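> In my numbering, the protein residues as written are 6 to 112. Quick reminder that beta carbons are idealized off the backbone N, C-alpha and C, glycines included. None of these values were measured; they are calculated from a predicted model.
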Ligand code: SF4
């Protein structure tokens, strides 16, 4: 009978499963980068926080195609992956954020 499992078959299957388990463990151990958070307003004056709130700044844009990186007011961070700043809204600004003062870049 060709369907009979041999000791060699069992060992080969065990080795294959072990390889898959090791690969899976390595793949899962690579953590995805944490999402950039630019919501710390603890250093801002209450008036600046109020402006930020009144303009409904959000760290993640809810408007398709409109993010701080595509806004004329955005000042990009010195290094990628960091919070930028804004000419209108004080405090850290997420490149993927949005507020009511959005003005699309012309170039
Ligand atoms: S004005 Fe609003 S949308 Fe434009 S960069 Fe500043 S916070 Fe972002």
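1) Starting from the Cα of residue 42, find the closest Cα among 55, 75 and 62 and give me that residue.
2) Indicate, with yes or no, if ligand 1 has a heavy atom lying under 7 Å from the CB of residue 102.
3) Can the beta-carbon of residue 66 be found less than 8 Å from the beta-carbon of residue 101?
4) For residue 58, does the three-state DSSP call read helix, strand or coil?
5) With a threshold of 16 other CB atoms inside 10 Å of the CB of residue 108, please say whether the residue is buried or exposed.
6) My guess is that residue 45 and residue 82 are in contact by the Cβ rule of under 8 Å, so how many angstroms apart are they, rounded?
7) Among 93, 79 and 86, which has the Cα closest to the Cα of residue 53?
8) Here's a check: name, in chain order, each residue in its chain whose Cβ is nearer than 8 Å to the Cβ of residue 72, leaving out the five neighbours to either side.
9) When you compare the CB positions of residue 105 and residue 49, do they come within less than 8 Å of one another, or not?
Reading it off the structure:
1) 62
2) yes
3) yes
4) helix
5) exposed
6) Contact doesn't hold; Cβ gap of about 14 Å is too wide.
7) 93
8) 66, 100, 101, 102 and 103
9) no
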